[in-house]
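Just so you know, we're using the working numbering here: the first sequence kicks off at 14 and counts up by one.
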Amino acid sequence: MGISEATSTPAGRLRPLNDAPVRADGEFVLYWMVAQRRLHANFALQYAVEQATAAGRPLIILEALRIGYPWASDRLHRFVLDGMADHATALRGGPVRYYPYLEPTEGAGAGLLEALAARACEVVTDDYPAFFVPRMSAAAAGRSPVRVTAVDGNGLRPMRAEPKPYPTAYLFRRALQHALPADLEAFPRADPLADAPRLAPPDLSEIVRRWPPLRDADAGDLGALAINHAVAPAPLRGGRAAAIARMCEFLDTRLDEYGQARNHPDDDGASGLSPYLHFGHLGAHEVAAAILQREDWTPDRLATRVTGAKAGWWGLSAGAESFLDELVTWRELGFNWCVHHPDDADAYDTLPEWARRTLDRHTADPREYVYDLDEFEAAATHDPLWNAAQRQLVREGRIHNYLRMLWGKKILEWSPSPRDALATMLELNNRYALDGRDPNSSSGIGWVLGRYDRPWAPERPVYGAVRYMSSENTARKLRVRGYLDRFGPDTA
DNA sequence: ATCGGCTCGCGCAA
DNA sequence: TGCGCGAAGCCGAT
């Protein structure tokens, strides 16, 4: 199909998180799954299998779900638990020990990783540049007596391969077009567990007694947990089976029309894959490979010249080109941003100079409407299309991709200041969106405030030269009647 | 409803 | 130094 699997995990995806040694006399290799929650096409899992094989030790997969993280809710827990249920089924009776752990009360899970690491040869985990993951991984590595290696399984381009943050999608796309041909020859193995060591798992009964593994993730009693029950489970099921079903359905029925349909809220032409990509139930490599395979793609179809243009580089159908620009360019641009802004990815002060200047100059402009967080959350603005988008977010945990931009632009317009707008966007996105708390949350919300964009004349109140969007123009340009009906005020 | 052109600074390709 | 480019903007022609 024109892409090939790496014979071993590419070194550029490996990052040791401590100086501790690998212990040859450890009992097992531990994969601590925190972001790439899947058993296929997963570089971290692949690396853990390689290390276990080399050490002649069994592999243990720890998939944990903490309780005390910001925005923990029935919605996010349910989605992750769906994935854990699928993993329990897939690994039952196999050679790899699966250790699913649901933290029952805040802090109850403390010590579990250390207890396992104390008996391990080494620990492998996911390198994920957003939310609490970098801090958690670093802290755990500091307490581990054996080496902890973070593995980057996020995207087609290893995120640390680009040494700087890119200021525009165009320039990042051009860099990708230069680099991707080599990356396409180093895909993760589709089934890394195929040759996991078949060795008797160690006796973990002491650890199991203290930190009882989840017995049945389907039955997890969310009501008993101290998480936000006001954010209900989304109608979308999480996990591997749902992710694959959604991907196949998208490729079979909507990819061809993706370029035309994706922007029309009524057409439901979006892929709907971002929640699965966010939680790692699906890998970007898998989606890309499925598309390339469907179109019998070979590398000789690549354009001979690199221009950075949005379409035409792959030599695929228009729908595939358009979707791959989302999946690869825009998605990985977010990782590029976060990996180079480990502490301030969402800070207002990281906006481009021109955007900050123009927004600051207009901060005191009179606003026609001003709402606070509660009013936005309750979809209580004067604008029916905006309210519909907010209702979709609350009910479904997603917003149509075009309307999501409009949603943000109006929060900018109707907040007391751009900084308030930034805080409101982050809070609502991270509280309700299944795909929130992601590098793409930072880049998407930053885009609303001018990141990756250019000044656009004419200058307006509040926005200054930051690109403007309006519900009126959106309704004129796109089909939204059905969407307004679906997410109207009386359609709970 | 849909399309193309607008505009110009940027950073790399040459 | 010239060229090709642009997240979702606008407007006007069809």
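Note that beta-carbon positions come from the ideal geometry of N, C-alpha and C, so glycine has one too.
Going by C-alpha distance, which of the options is nearest residue i?
i	options	result
Pro502	Arg473, Thr394, Ala57, Asp466	Thr394
Pro471	Arg480, Leu27, Glu366	Arg480
Leu290	Gly96, Tyr82, Ala37	Gly96
Arg228	Pro113, Gln64, Arg186, Lys323	Pro113
Met172	Trp469, Arg344, Lys423, Leu386	Arg344
Arg408	Lys422, Ala391, Gly328	Ala391
Asp265	Ala303, Asp234, Gly252	Ala303
Leu58	Arg79, Tyr111, Asp387	Tyr111
Tyr221	Glu116, Ala243, Arg250, Arg267	Just to set this straight, residue 221 is Val in the shown sequence, not Tyr. It is Glu116 whose Cα lies nearest to the Cα of Val221.
Leu235	Arg91, Arg369, Asp196, Leu125	Arg91
Glu219	Arg259, Leu125, Glu63	Leu125
Pro246	Val93, Thr311, Leu329, Ala207	Val93
Arg50	Gly69, Asp433, Ala77	Ala77
Leu419	Leu197, Leu398, Asp196, Leu75	Leu398
Glu18	Phe56, Thr118, Asp385, Ala37	Phe56
Ala207	Glu440, Gly410, Val109, His353	Val109
Met46	Glu381, Phe292, Gly495	Phe292
Gly15	Ala33, Ala101, Ala195, Gly122	Ala195
Arg187	Tyr141, Trp84, Asn442, Val341	Val341
Arg444	Arg411, Tyr361, Arg370	Arg411
Span of the beta strand (DSSP E) holding residue i?
i	result
Ala133	133 to 139
Tyr112	110 to 115
Thr162	161 to 164
Determine whether the beta carbon atoms of residue i and residue j lie at a separation below 7 angstroms.
i	j	result
Asp448	Pro288	yes
Pro201	His294	no
Pro429	Cys351	no
Ala48	Asp165	no
Asn241	Ser86	yes
Gly321	Tyr183	yes
Ala65	Pro205	no
Phe500	Thr437	no
Glu127	Val159	no
Leu27	Thr162	yes
Ala402	Leu416	yes
Asp378	Pro474	yes
Gly25	Ala174	yes
Ala254	Asp387	no
Ala477	Arg374	Note that residue 477 is Gly in the sequence shown, not Ala. Going by C-beta atoms, Gly477 is nearer than 7 angstroms to Arg374.
Ala333	Ala203	no
Asp396	Ser483	no
Glu40	Arg132	yes
Ala103	Leu52	yes
Lys323	Asp338	yes
Pro506	Ala199	An answer regarding residue 506 cannot be provided, because it is not within the stretch 14 to 505 covered by the chain.
Phe185	Leu346	yes
Trp367	Pro468	yes
In terms of DSSP beta bridges, what is residue i paired with?
i	result
Asn349	For Asn349, which the question treats as bridged, DSSP gives no partner whatsoever.
Gly477	Arg473
Asn400	According to DSSP, Asn400 bridges with nothing at all.
Ser86	Asn241
Glu18	Phe200
Leu27	Val164
Just reading off the alpha helix (DSSP H) that residue i is part of, what are its end residues?
i	result
Ala258	253 to 266
Asp498	494 to 499
Tyr465	No alpha helix (DSSP H) holds Tyr465; DSSP gives it neither H nor E.
Ile424	414 to 426
Glu390	386 to 390
Asn486	484 to 490
Trp310	Where Trp310 is concerned, there is no enclosing alpha helix (DSSP H), given that its DSSP letter is neither H nor E.
Phe336	331 to 337
His291	287 to 291
Trp326	Here Trp326 belongs to no alpha helix (DSSP H), and DSSP marks it neither H nor E.
Gly155	146 to 156
Trp367	366 to 374
Glu270	Segment: none, Glu270 is in no alpha helix (DSSP H) and carries neither H nor E.
Ala128	125 to 130
Quick check on the DSSP output: what are the complete alpha helix (DSSP H) runs of length 4 or more inside the segment 29 to 81, in order along the chain?
Runs of the alpha helix (DSSP H) lying entirely within the segment 29 to 81 and spanning at least 4 residues, in chain order: 56 to 68.
Fully enclosed by the segment 160 to 231, which beta strand (DSSP E) runs are 3 residues long or longer?
You should have 161 to 164.
Unbroken alpha helix (DSSP H) runs of length 4 or more, entirely within the segment 433 to 461: which are they?
DSSP runs (the alpha helix (DSSP H)) wholly in the segment 433 to 461: 452 to 461.
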